[in-house]
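In order, the protein sequence lines correspond to chains A and B. For the first sequence, position 7 (counting from the first letter as 1) is numbered 6 according to numbering that gives the first Met the number 0, and the numbering increases by one without interruption. For the second sequence, position 152 (counting from the first letter as 1) is numbered 151 according to numbering that gives the first Met the number 0, and the numbering increases by one without interruption. Don't be surprised by glycine CBs; every beta carbon is placed ideally from N, CA and C. Read through the structure below, which is laid out as structure tokens, and then see the notes.
Protein chains: 2
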Amino acid sequence: MFELLKTDPSSKARLGRVTTTRGVIDTPVFMPVGTQGSVKALDPRELQEMGTKIILGNTYHLNIRPGLDIIRDAGGLHRFINWPLPILTDSGGFQVFSLASIRKIKAHGVEFRSHLDGNLLFLGPKEAMEIQRVLGSDIAMVFDDCPPHTATVREVKEAIERTVRWAGECREQPRAPGQSVFGIIQGGSHAEQREECAKAIVALNFDGYAIGGVSVGEPETEMMKAVEHTVPFLPENQPRYAMGLGTPAQLVELVARGIDMFDCVLPTRVARNGTAFTAKGTVSIKAGFNKSDWRPIEEGCECFACRNFSRAYLRHLLNVEEILGLRMLSVHNSHMFLKVMADMRAHIAAGTFAEFRREFVGNYIPSERVLATRGQTKVRGADE
Amino acid sequence: MFELLKTDPSSKARLGRVTTTRGVIDTPVFMPVGTQGSVKALDPRELQEMGTKIILGNTYHLNIRPGLDIIRDAGGLHRFINWPLPILTDSGGFQVFSLASIRKIKAHGVEFRSHLDGNLLFLGPKEAMEIQRVLGSDIAMVFDDCPPHTATVREVKEAIERTVRWAGECREQPRAPGQSVFGIIQGGSHAEQREECAKAIVALNFDGYAIGGVSVGEPETEMMKAVEHTVPFLPENQPRYAMGLGTPAQLVELVARGIDMFDCVLPTRVARNGTAFTAKGTVSIKAGFNKSDWRPIEEGCECFACRNFSRAYLRHLLNVEEILGLRMLSVHNSHMFLKVMADMRAHIAAGTFAEFRREFVGNYIPSERVLATRGQTKVRGADE
Numbered sequence: 000m001f002e003l004l005k006t007d008p009s010s011k012a013r014l015g016r017v018t019t020t021r022g023v024i025d026t027p028v029f030m031p032v033g034t035q036g037s038v039k040a041l042d043p044r045e046l047q048e049m050g051t052k053i054i055l056g057n058t059y060h061l062n063i064r065p066g067l068d069i070i071r072d073a074g075g076l077h078r079f080i081n082w083p084l085p086i087l088t089d090s091g092g093f094q095v096f097s098l099a100s101i102r103k104i105k106a107h108g109v110e111f112r113s114h115l116d117g118n119l120l121f122l123g124p125k126e127a128m129e130i131q132r133v134l135g136s137d138i139a140m141v142f143d144d145c146p147p148h149t150a151t152v153r154e155v156k157e158a159i160e161r162t163v164r165w166a167g168e169c170r171e172q173p174r175a176p177g178q179s180v181f182g183i184i185q186g187g188s189h190a191e192q193r194e195e196c197a198k199a200i201v202a203l204n205f206d207g208y209a210i211g212g213v214s215v216g217e218p219e220t221e222m223m224k225a226v227e228h229t230v231p232f233l234p235e236n237q238p239r240y241a242m243g244l245g246t247p248a249q250l251v252e253l254v255a256r257g258i259d260m261f262d263c264v265l266p267t268r269v270a271r272n273g274t275a276f277t278a279k280g281t282v283s284i285k286a287g288f289n290k291s292d293w294r295p296i297e298e299g300c301e302c303f304a305c306r307n308f309s310r311a312y313l314r315h316l317l318n319v320e321e322i323l324g325l326r327m328l329s330v331h332n333s334h335m336f337l338k339v340m341a342d343m344r345a346h347i348a349a350g351t352f353a354e355f356r357r358e359f360v361g362n363y364i365p366s367e368r369v370l371a372t373r374g375q376t377k378v379r380g381a382d383e
Numbered sequence: 000m001f002e003l004l005k006t007d008p009s010s011k012a013r014l015g016r017v018t019t020t021r022g023v024i025d026t027p028v029f030m031p032v033g034t035q036g037s038v039k040a041l042d043p044r045e046l047q048e049m050g051t052k053i054i055l056g057n058t059y060h061l062n063i064r065p066g067l068d069i070i071r072d073a074g075g076l077h078r079f080i081n082w083p084l085p086i087l088t089d090s091g092g093f094q095v096f097s098l099a100s101i102r103k104i105k106a107h108g109v110e111f112r113s114h115l116d117g118n119l120l121f122l123g124p125k126e127a128m129e130i131q132r133v134l135g136s137d138i139a140m141v142f143d144d145c146p147p148h149t150a151t152v153r154e155v156k157e158a159i160e161r162t163v164r165w166a167g168e169c170r171e172q173p174r175a176p177g178q179s180v181f182g183i184i185q186g187g188s189h190a191e192q193r194e195e196c197a198k199a200i201v202a203l204n205f206d207g208y209a210i211g212g213v214s215v216g217e218p219e220t221e222m223m224k225a226v227e228h229t230v231p232f233l234p235e236n237q238p239r240y241a242m243g244l245g246t247p248a249q250l251v252e253l254v255a256r257g258i259d260m261f262d263c264v265l266p267t268r269v270a271r272n273g274t275a276f277t278a279k280g281t282v283s284i285k286a287g288f289n290k291s292d293w294r295p296i297e298e299g300c301e302c303f304a305c306r307n308f309s310r311a312y313l314r315h316l317l318n319v320e321e322i323l324g325l326r327m328l329s330v331h332n333s334h335m336f337l338k339v340m341a342d343m344r345a346h347i348a349a350g351t352f353a354e355f356r357r358e359f360v361g362n363y364i365p366s367e368r369v370l371a372t373r374g375q376t377k378v379r380g381a382d383e
């Protein structure tokens, strides 16, 4: 499934290729997030035009609405949403442990109340894999226990025990035709727990490995540690996926640490706040200083928004709450994340990744507000 | 500016062509409404793909936000919003008399408070024409007094007196290069007042003539009367525009009464309520009965939404409040209105308009709720 094409001599950055029945994905890759069966504000044509090769869907959300019967009747998620390229589905573990109100953690899953209507639901390895089988995703994720970043070592150890046991149960479930399954490593930012969990999960022999328990509100240093403590125990010849990350500069640093796959709600979520990502960091397009700025969001950017509209016009649209404003910022931000990945692939291939990394991270000024937004899933609820 | 190509033998329907410096417009034509510089939820590419040849912009709204300085600085409205084809601008008369809180009607205009922030503003013939000159629209409208449909005959007579006097003042104002100016006929549903106003406005010699004082909450019979009482007094060789109308079946009936140009917020407004227009009338896509309906909104429709998505998926999107749902219904509804106009043009050309009219109007079941929505501008406020 995964072909390792090149490794950067200056870092752990890798150039690779994931092959699925629905298409080939060059890595490092960014996967736009289509939580409820739509990458927020974008249509499939726009996604393909900006170079999207794989999107993410959410088991937890799709299972609640529209519900599995509808998607089964449609012939799977791809046909339901009219997306012909690969889809990776989350298992719902993250949402159960962050969005839902948990009633009881049991041996084979979690009893919880829907964040939406309070309905009593149950999700465990068997259920999560069955849902993903019906969704027909190209890559399914195991159902894991994802503790908050404030968890004690003892709680993290318990989460690992469950995560490993549930991963084993997921491994045994039937799959959709051509469906790969990735294991998830938990362990917080603790070296020992990450190593223990990684070894146990890798021993189960999955098609790829994800680092979970990041993007749960932890500071950036802890997030980087979680990745650094995990990567050494993952096989070279399989894809590595850091879940729910990150800002553009973080993506570069995570690629440098050996990660191949990413998903994050930041591009579309921040767009809906009127903020755009650029190579120099985020900029509030909604802000008054753009009111007669006739430049595009970012000079040289080739996205649909930058080819067609000025900051001044986009600022006006956001100001008067026209949907086109949110749409165009979502286009630009998603394109920007995909472009950073394409640039990294080109630089790893050309042997110039070290230079690119230094320059990109040096120019990118992170915004505290945006960093805080990354962990917002826990407080914002059902949004994404 | 206007070429009358053919007149239908069975009715007053006309095939024509309006020529502007920015493009040729085949009539009868529907003009999507871009009140605040954006046809709600749509981008310029989508508009052109569905065959839009001219859009509408609003003097009242654009003058408040972003304000004239910004649009002047952009080089006009076309460049500000990146729309290369013709734009018709409303004069603001309708909005001043419906949205704003009027403080005082004076000899040369109206002092009113902005619906948005209560700022004291003044709009009259001079101001409305100056704003439209800066906007640089291809077709500007005169500033008129648009009374509600509940106005007494005396009030209607006063409105006509002002409308005619102000039209004369508008006639004398400088114009943008290549800009045409249309007069507006008021007079409610009264035959005598319509005739009087039409004759006086036509005597001022404009480039085209609009029927105003419709789409102000009146019943359909009164609206039709207003048109029937006006059309006989309009010159054959100039375009006729019925302002703010209507449902698809009304458009067909109005074309049959000799109207060439239309604008209406219904396609996009109704879309945002989760309702789609079809040849058989409106249908609530949001309704539960669509939850596993795998047909497109309308069989045989060639719009982007119908080519790509099922009712079931669109229903899900609307249900979970995904922006793509509103977008796709806006695409379908706008496309549907443009298609009805294209069909009418083809049938007038082929000499089969009578048959088309009978069949279309016979099949179209009007919805009371949608008819009520048409007059909603007066109660909904700043929306469109």
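- Nearest Cα to residue 278 of chain A within the set A:249, A:112, A:321, A:348: A:249.
- DSSP places residue 215 of chain A outside any beta strand (DSSP E), giving it a letter other than H or E.
- Counting C-beta pairs with one atom in each stretch, the region 252-271 of chain A and the region 318-335 of chain A have three or more that are closer than 8 Å, which means they touch.
- Rounded to the nearest whole angstrom, the C-alpha separation of residue 361 of chain A and residue 299 of chain A is 19 Å.
- Residue contact with chain A for residue 21 of chain B: absent (no Cβ-Cβ distance below 8 Å to any residue of chain A).
- In this structure the region 257-266 of chain B touches the region 24-37 of chain B; the number of beta carbon pairs closer than 8 Å is three or more.
- Just measuring C-alpha positions, the residue of B:286, B:236, B:188, B:137 sitting nearest residue 23 of chain B is B:137.
- C-alpha of residue 63 of chain B to C-alpha of residue 113 of chain B: approximately 8 Å in a straight line.
- In summary, the residues of the region 61-74 of chain A whose CB is separated from some CB of chain B by less than 8 Å are 64, 65, 68, 69, 72, 73, in the order they occur in the chain.
- The residues 275, 277, 278, 305, 331, 335, in chain order, have a CB closer than 8 Å to that of residue 297 of chain B in the same chain once the five nearest residues on each side in sequence are set aside.
- For the pair residue 145 of chain A and residue 66 of chain A, the Cα-to-Cα distance works out to about 24 Å.
- Contact annotation, residue 200 of chain A with residue 226 of chain A: C-beta distance approximately 15 Å; criterion of less than 8 Å not satisfied.
- Interface flag for residue 57 of chain B against chain A is unset, since no Cβ pair is found closer than 8 Å.
- Per the C-alpha coordinates, the member of B:55, B:72, B:43 positioned closest to residue 289 of chain A is B:72.
- Here residue 18 of chain A is exposed: its Cβ has fewer than 16 other Cβ atoms, across all protein chains shown, within 10 Å.
- Burial check for residue 77 of chain B: the Cβ neighbour count within 10 Å reaches 16 or more, so the residue is buried.
- The region 202-217 of chain B makes no contact with the region 101-113 of chain B, as fewer than three CB pairs between them are under 8 Å.
- Going by beta carbons, residue 323 of chain A and residue 333 of chain B fall outside the 8 Å limit.
- When only Cα atoms are considered, residue 241 of chain B and residue 222 of chain B end up about 10 Å apart.
- Residue 57 of chain A sits in a strand when the DSSP states are folded into three classes.
- When the five nearest sequence neighbours on each side are left out, the beta carbons in the same chain lying within less than 8 Å of the beta carbon of residue 156 of chain B are those of 192, in order along the chain.
- Proximity of residue 80 of chain B to chain A, defined by a Cβ-Cβ separation below 8 Å, is satisfied.
- Using a Cβ distance threshold of 8 Å, residue 232 of chain A and residue 207 of chain A do not count as a contacting pair.
- Within the region 152-176 of chain B, no residue has its Cβ closer than 8 Å to any Cβ of chain A.
- Under the DSSP assignment, residue 89 of chain A falls outside any alpha helix (DSSP H), being part of the beta strand (DSSP E) whose first and last residues are 86-89.
- Against chain A, the beta carbon of residue 43 of chain B has neighbours under 8 Å at 307, listed in chain order.
- Assigned with DSSP and collapsed to three states, residue 6 of chain A falls in strand.
- Residue 106 of chain A carries a coil assignment under DSSP once its states are collapsed to helix, strand and coil.
- Beta-carbon to beta-carbon, residue 59 of chain B and residue 95 of chain B are separated by about 6 Å, close enough to satisfy the 8 Å threshold.
- For residue 351 of chain B, the closest C-alpha among the options B:9, B:1, B:3, B:4 is that of B:9.
- Assignment of beta-bridge partners to residue 140 of chain A by DSSP yields A:181.
- The CB of residue 285 of chain B never comes closer than 8 Å to any CB in chain A; the least such distance is about 13 Å.
- Looking at the DSSP output, residue 281 of chain B bridges to B:276.
- A distance of 8 Å or more separates the beta carbons of residue 283 of chain B and residue 293 of chain B.
- Counting other Cβ atoms within 10 Å of its Cβ, residue 152 of chain A stays below 16 and is therefore classed as exposed.
- Where residue 342 of chain A is concerned, the enclosing alpha helix (DSSP H) starts and stops at 322-349.
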